[in-house]
Amino acid sequence: MKNLRMKAARAAKDMSQQELADAVNVSRQTINAIEKGDYNPTIKLCRAICRTLDKTLDDLFWEEE
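Read in order, the letters of the sequence shown are residues 188 to 252 in my numbering.
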């Protein structure tokens with residue numbers, strides 16, 4: 188499932204995938220894969236992304252049924 192909420196939060200902070208990747212110490216390809224739904228990040232990485240984007244885990248990673 189695509190993570191459009193993460194992509195929107197990143198765009199709202201005017202961050203590129205590379206800038207977010209640098210902030211959380213992963214590759215740009217990892218951020219791209221998360222946004223496309225091709226990669227499930229660890230909870231540690233989810234928390235780092237949330238801190239960087241000023242969002243909660245529920246804001247970005249909670250899956251609606």
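We put the CB at the ideal spot given by N, CA and C, even for glycine.
Keep in mind the model is a prediction, meaning the values are calculated, not measured.
What does the alpha-carbon distance come out to for the pair Ile236 and Lys200? Within the sequence shown, residue 236 is the residue found at index 49, counting from 1. Within the sequence shown, residue 200 is the residue found at index 13, counting from 1. Cα-Cα distance, rounded: 12 Å.
Secondary structure of Asp241, DSSP reduced to three states: Mapped onto the sequence shown, residue 241 falls at position 54. Asp241: coil per DSSP, three-state reduction.
Where does the unbroken alpha helix (DSSP H) through Asp209 begin, and where does it stop? Residue mapping note: residue 209 aligns to position 22 of the sequence shown, counting from 1. First-last of the alpha helix (DSSP H) with Asp209: Gln204 to Val211.
Does DSSP put Lys200 in a helix, a strand or coil? Taking the first residue of the sequence shown as position 1, residue 200 is located at position 13. Of the three classes helix, strand and coil, the one that applies to Lys200 here is coil, per DSSP.
Please go through the same chain and pick out, in chain order, the residues whose beta-carbon is closer than 7 Å to the beta-carbon of Ala210, but skip the five residues on each side of it. For the purposes of this step, residue 210 is taken as residue 23 along the sequence shown, with counting starting at 1. Thr239.
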